[in-house]
Amino acid sequence: PGPVVEMDPFVLTLADREDLRYLNITIKMELDRPEAETDFTVKVPAIRDTLLVLLSSKESHLLRTTNGKRRVREEILKRVNVVMKKGKISNVFFTDFVIQ
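Residue -9 is where the sequence shown starts when you use the working numbering, and the numbers rise one by one after that.
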């Protein structure tokens, strides 16, 4: 396993149409090599933007299921790896996941 880096927590509005729902989430990512050998640190603003756009496009009923969380994890992995040019992430972990 590679080093694990933690993103600052996200609090965002979900795309639910009927009710106003919020997602409070903390994400950790496993890198495929030491952090100093990646461009993760300089790409954090672009990664946060990518994650905010992705997560705020989801509806709460999709995120409540295990399958929904698994799909979002896969989407995060793909989208972050597009942003990063030097090094990749190999795994995504949710350490806080609260829908209100």
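Don't be surprised by glycine CBs; every beta carbon is placed ideally from N, CA and C.
Under the three-pair Cβ rule at 8 Å, the stretch 10 to 19 counts as touching the stretch 73 to 86. Shown here for V(-6): same chain residues with a beta carbon closer than 6 Å to its own, the five before and five after excluded, namely K18 and E20 in chain order.
By the Cβ neighbour-count rule, K48 is buried, with 16 or more other Cβ atoms within 10 Å of its own.
Counting only residues of its own chain and dropping the five nearest sequence neighbours on each side, P24 has a CB closer than 7 Å to the CB of P(-7).
In the three-state DSSP reduction, S80 falls in the strand class (E or B). About 7 Å separates the Cβ atoms of F0 and L41, confirming a contact at the 8 Å cut-off. The Cβ atoms of T85 and S46 do not sit closer than 8 Å to each other.
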